[in-house]
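Residue numbers (our numbering): 83 to 402. Even for Gly, the Cβ is constructed at its ideal location relative to N, Cα and C. In what follows, a single structure is set out as C-alpha cells and then discussed.
Below is the structure:
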C-alpha cells in the first residue's frame with residue numbers, strides 16, 4: 083500500500099511539472115520572453131501576487147522571474163473557477179541550485195512592480211500549491227523565515243509571537259499534557275520547519291513541549307532562523323471560571339454564535355484572530371447577544387470580554 087501511494091504521489095508530481103512546463107510555453111508572447119531550450123534545469127512556483135495587501139485577480143496580469151535582470155520564466159494568471167488569482171510559474175536555470183531569483187509583476191494597465199521577496203533556485207523544486215500558494219508581495223510584510231501563526235487546541239489565549247526575538251509563547255489549559263502536543267502553524271510563503279532535523283507538518287507533527295522547543299525555519303530564499311517555542315500551563319483556573327460565567331453556542335460554529343451571560347452585561351465583546359487582530363466588536367447589553375460570523379474563515383479565534391477597567395477574559399471559538 084505504501085509503495086502504491088508513493089507511485090501515485092510521484093505520478094502527480096510528474097503531471098504537475100509537465101503541466102507547468104506547457105503553461106510556460108504558451109506565455110512567451112509576453113514582453114518578457116524565455117527560451118526553455120537554452121536551459122538545463124527547472125523549478126516551479128504556484129503562487130499569488132499581493133499588491134497593497136490585495137490579491138491580484140485579472141486575466142491580463144503576468145509575472146516574470148529574473149536572474150541578474152535576465153528573464154528566466156514568465157506566465158499569466160491561470161483561470162480557476164472563474165478567478166484569475168493563481169500563477170503557475172516555471173523558472174529555468176543552467177545551475178542546479180543557489181541562484182537567487184527575483185520577480186516582477188505587470189498588471190492589466192501594464193504597470194510594472196518589483197516584487198520584494200526572492201527565492202533561491204533548486205532544480206526540480208516545487209514551491210507552493212493551489213491550497214497553500216506562495217505569495218509574492220510588492221512590499222515586505224514579513225521575513226522569509228517568520229512564523230505567522232502558531233496555536234494548540236488546548237490554548238486559552240492568542241500566542242504571543244515576537245518576530246524580533248524569534249519567540250512564540252503559548253498559554254494552555256490547566257491539566258494539559260505537554261509531552262505530546264500537536265500545533266497548527268503558518269509560516270512565511272515557501273518556508274519549512276524542522277525540530278531536531280525532523281520536518282514539521284502543521285496539524286500533524288507532535289513534540290514534547292514540557293521544555294522549550296527550537297524550530298529551525300528555512301526560508302524560500304535559503305535564509306534560516308531559530309525560533310524558540312515556550313508553552314506554559316495556565317494554573318489560574320480561568321477555563322473553569324469561563325465556562326461557568328458565560329456560554330457561547332454553537333461552538334464550533336459557521337454562520338453565527340450566541341453569547342449568553344448575565345454576568346458580563348455591559349462588557350465589550352471582541353472576536354480576534356490568532357494574531358490578535360480585532361475582527362468584530364460589539365457590546366453585551368442584555369443576557370443574549372447574537373453575532374454573525376459567516377464572513378470569517380475557518381480556524382481558531384478568541385472572544386474577548388472587556389470591562390470598564392480593561393480587564394479581559396478569553397473564550398475560544400472554532401469556526402468551521
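Between the CA atoms of residue j and residue i - distance to the nearest angstrom
i, j, result
"residue 274", "residue 244", "18 Å"
"residue 172", "residue 114", "13 Å"
"residue 36", "residue 166", "Outside the shown range of the chain (83 to 402) lies residue 36, about which nothing can therefore be said."
"residue 237", "residue 204", "38 Å"
"residue 392", "residue 364", "15 Å"
"residue 312", "residue 356", "16 Å"
"residue 321", "residue 256", "Caution applies to residue 321, whose pLDDT of 46 falls short of 50 and renders its modelled position unreliable; the value that the coordinates give is listed next. Whole-angstrom Cα-Cα distance: 8 Å."
"residue 342", "residue 329", "5 Å"
"residue 179", "residue 194", "28 Å"
"residue 399", "residue 218", "31 Å"
"residue 298", "residue 348", "45 Å"
"residue 253", "residue 386", "15 Å"
"residue 235", "residue 148", "42 Å"
"residue 424", "residue 379", "Given a span of 83 to 402 for the chain in the structure shown, any question on residue 424 remains unanswerable."
"residue 354", "residue 382", "9 Å"
"residue 220", "residue 246", "22 Å"
"residue 261", "residue 285", "16 Å"
"residue 390", "residue 242", "24 Å"
"residue 377", "residue 358", "17 Å"
"residue 70", "residue 310", "The structure shown does not extend to residue 70, since the chain is modelled only from 83 to 402, so the question has no answer here."
"residue 104", "residue 192", "The predicted model places residue 104 with a pLDDT of 44, which falls under 50 and marks its position as unreliable; any figure quoted below should be read in that light. Cα-Cα distance, rounded: 24 Å."
"residue 163", "residue 336", "23 Å"
Residue of the options minimising C-alpha distance to residue i
i, options, result
"residue 304", "113, 277, 202, 283", "202"
"residue 213", "272, 188, 200", "272"
"residue 270", "225, 285, 254, 292", "225"
"residue 345", "182, 327, 142", "327"
"residue 291", "380, 263, 302", "263"
"residue 159", "134, 135, 127, 286", "127"
"residue 223", "136, 259, 258", "136"
"residue 151", "250, 335, 293, 183", "183"
"residue 118", "145, 307, 176", "176"
"residue 134", "351, 198, 146", "198"
"residue 258", "309, 317, 333", "317"
"residue 397", "390, 340, 376, 377", "340"
"residue 287", "187, 233, 336, 221", "233"
"residue 200", "146, 242, 360", "146"
"residue 181", "211, 359, 124", "124"
"residue 208", "309, 284, 170", "170"
Cβ-based neighbour list, residue i, same chain, cut-off 6 Å, excluding 5 preceding and 5 following
i, result
"residue 138", "131"
"residue 161", "none"
"residue 395", "387"
"residue 350", "365, 388"
"residue 268", "230, 231"
"residue 371", "341"
"residue 352", "360, 363, 386"
"residue 188", "144, 194"
Counterpart residues of residue i in DSSP-defined beta bridges
i, result
"residue 149", "152"
"residue 199", "BP columns for residue 199 are empty, so no partner."
"residue 130", "217"
"residue 397", "385"
"residue 269", "229"
"residue 187", "145, 195"
"residue 165", "162"
"residue 125", "173"
"residue 375", "None; residue 375 has no bridge partner."
"residue 362", "353"
"residue 331", "340"
"residue 309", "297"
"residue 263", "289"
"residue 314", "253"
Anticipated Cβ contact below 8 Å, residue i with residue j, distance rounded
i, j, result
"residue 277", "residue 295", "6 Å"
"residue 265", "residue 384", "Contact doesn't hold; Cβ gap of about 16 Å is too wide."
"residue 366", "residue 373", "That belief does not hold up - the Cβ atoms of residue 366 and residue 373 are roughly 10 Å apart, past 8 Å."
"residue 282", "residue 334", "Contact doesn't hold; Cβ gap of about 25 Å is too wide."
"residue 375", "residue 338", "6 Å"
Same chain only: Cβ atoms within 7 Å of residue i, ignoring 5 sequence neighbours per side
i, result
"residue 190", "140, 142, 143"
"residue 215", "128, 129, 130, 168"
"residue 121", "174, 175, 176"
"residue 210", "127, 128, 129, 216, 271, 272"
"residue 289", "263, 277, 295"
Cβ of residue i within 8 Å of any chain B Cβ
i, result
"residue 253", "Going by chain labels, chain B is absent from the structure shown, which holds only one protein chain."
Beta-carbon contacts of residue i that lie in its chain and below 8 Å, excluding the five residues immediately before and after
i, result
"residue 301", "225, 226, 227, 270, 272, 273, 307"
"residue 314", "251, 252, 253, 254"
"residue 293", "none"
"residue 368", "347"
"residue 206", "99, 123, 124, 125"
Residue i CB to nearest heavy atom of the ligand ATP below 7 Å
i, result
"residue 163", "Judged by which ligands are present, the structure shown has none, so any question about the ligand ATP falls away."
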